[in-house]
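To start, the structure itself, in structure tokens.
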DNA sequence: CAGGGTTATATCGTATACGATATAAAGACC
DNA sequence: GGTCTTTATATCGTATACGATATAACCCTG
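Residue numbers (the working numbering), protein chains in the order written: chain A, 482 to 705; chain B, 482 to 705.
If you want it as structure tokens, here you go:
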């Protein structure tokens, strides 16, 4: 029976808007709590309200936007509580997901992961910090092997996107870049070798390190 | 200035459609893989295509619907692989989330959890199996204390909804109802007592039990 | 008769238009 | 003078209308 095969292909306006608005929220161009009037965004992007609404609804599902019926959309506020949630969830999911990815990855996925790591580190070395967040997310996601853990990848990706805002807002790159690079390389090595347990553990340590940077900023102490 | 305070209140058409279509998908009225033509649904519910699209996009974000640009929506297919993912994710998240909920819950949340348990068991005793899935989800969710773990609750709720379809499709209630009741009561007791570790462990055991019922079915039935 | 290309059609995606809701402003009553 | 009611306005949410895309039917060519 007709299960539609696959190949999307057209880049609908809604989808493009979703990406562009998401980028602005993550980068802080649309600040936390800011109102997002449909007419204004529509004019800003030169489209009608319909695809704007669809994009905002998508972003709401991702947790970046909040909606109040008949009162409009606004950028979801940031809070220390949410940051804790994001990183607790990441710690609960990513190590397992990446460990499993290490087992599931074939040649293709291994090349993708290496490529993602390369792109990320090149961007960092050239000081293109704007792209760093997305590329970092892409690397982490590649380790999950989205093709073979579709749902898990969706959840992880969402958390990575949410985490970006906190990292950008609160953390300076100071020594983080070189440390991240070391952690990434160790993690990638274990992952490429198919050492699931080690990859999972290194993923946990890596996420935990960023979390602790954040905790330092918040002035809280780490906890179990 | 105006950070919008809070109280939604109107039940927009899109929101109602989201619930109704979700219910039909979860119940199997819209079968896995079935096409969801916008015009047909619009006529079926007596509305225009716009809220239909918005509902379907929301359900896509929840993982119940798939979209193929310019080719339409369809009910997301079920697969053994996805079932494994759902339950692995639940096992990774729910025990922690419920353990934490046991610490966070105040008087109000405790009453809510008890009420949710009561409603669920009453429905089961009266043989109202249709409602059981939702009520079971509501109970699990109450233990997470959504008010104080907003993001976590969103993720968990999504997984609970996804899990429902597999439970309905593959599992007969045979002895599961009474067993679930016992597990629920033990879990609730530990949770009410604020015993986070015990609540988490019982949550893990409880989810694992359902997972193993599913695994048994998959072991017997041949399925893609 | 087979295969590639072209046209036709159904459905999707977006623009425009309109009605509905909530907030803010103005007025009436105590 | 203050509070509640009433009215006005801006923005949201949905219906209608139209243009765009993909699939399928058709035709032409070899």
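Even for Gly, the Cβ is constructed at its ideal location relative to N, Cα and C.
These numbers come from a predicted model, not from an experiment.
Shown in chain order are the members of the stretch 515-539 of chain B whose Cβ falls below 8 Å from a Cβ of chain A: 516, 531, 534, 535, 538 and 539.
With 16 or more neighbouring CB atoms inside 10 Å of its own CB, residue 569/A falls in the buried class. Neighbours of residue 544/A in chain B, taken as residues whose beta carbon is under 8 Å from its own, are 632 and 635 in chain order.
Counting of Cβ neighbours within 10 angstroms places residue 610/B among the exposed residues, the total staying below 16. For residue 686/A, the enclosing alpha helix (DSSP H) stretches over residues 677-699.
Against chain A, the CB of residue 493/B has a partner CB under 8 Å away; the residue lies at that interface. Taking 7 Å as the Cβ-Cβ cut-off, the stretch 575-599 of chain B approaches chain A at 577, given in chain order.
Not flagged as an interface residue toward chain B: residue 661/A, since no C-beta distance is shorter than 8 Å. Under a criterion of Cβ atoms nearer than 8 Å, the residues of chain B adjacent to residue 563/A are, in order, 631 and 632.
Taking a cut-off of 8 Å for Cβ pairs, the stretch 624-632 of chain B and the stretch 559-578 of chain A touch, as three or more such pairs fall below it. Among the CB atoms of chain B, none fall inside 8 Å of the CB of residue 500/A.
Interface residue (Cβ-Cβ distance to chain B less than 8 Å): residue 573/A is classified as such. Using a Cβ-Cβ cut-off of 9 Å, residue 506/A is close to nothing in chain B; its nearest Cβ partner there is about 16 Å away. From the listed residues 580/A, 556/A, 499/A and 672/A, the smallest Cα separation to residue 539/A is found for 499/A. Look at residue 545/A here: in three-state DSSP terms it is coil, with no helix or strand label. For residue 550/B, the three-state secondary structure derived from DSSP is coil. Annotation: the continuous alpha helix (DSSP H) that includes residue 576/A extends over 561-585. Check the Cα spacing between residue 667/A and each of 681/A, 654/A and 655/A: the tightest is with 681/A.
For residue 682/A, no CB of chain B lies under 8 Å from its own CB, so it is not counted at the interface with that chain. If you draw a straight line from the Cα of residue 645/B to the Cα of residue 691/A, it comes to about 35 Å. Counting only Cβ-Cβ distances below 7 Å, residue 650/B has no contacts in chain A at all, with the closest Cβ about 17 Å away. Using a CB distance cut-off of 8 Å, residue 671/B does not count as an interface residue toward chain A.
DSSP places residue 556/A within a strand segment (E or B) once states are collapsed to three. The criterion of a C-beta distance shorter than 8 Å is not satisfied by residue 535/B and residue 541/B. By the Cβ-count criterion, residue 675/A is exposed, with fewer than 16 other Cβ atoms from all chains shown falling within 10 Å of its own Cβ. A distance below 8 Å separates the beta carbons of residue 616/A and residue 601/A.
Non-local C-beta neighbours of residue 597/B in its own chain, meaning closer than 6 Å and more than five positions away in sequence, comprise 619, 620 and 623, ordered along the chain. Contact annotation for residue 570/B against chain A: 574, 632, 633 and 636 [CB-CB distance below 8 Å, chain order].
In this structure, residue 695/A keeps its C-beta atom at 8 Å or more from the C-beta atom of residue 613/A. Listed along chain B, no residue sits closer than 9 Å to residue 628/A by beta-carbon distance, the nearest being about 11 Å off.
DSSP, reduced to helix, strand and coil, places residue 517/B within a strand of the structure shown. The residues 679, 680 and 683, in chain order, have a CB closer than 6 Å to that of residue 671/B in the same chain once the five nearest residues on each side in sequence are set aside. A straight-line Cα-Cα distance of about 13 Å links residue 659/A and residue 607/A. Within the stretch 640-675 of chain A, not a single complete beta strand (DSSP E) segment reaches 3 residues in length. At least one CB atom of chain B sits nearer than 8 Å to the CB of residue 550/A.
Secondary structure in the stretch 593-641 of chain A: no beta strand (DSSP E) run of 3 residues or longer lies completely within the stretch.
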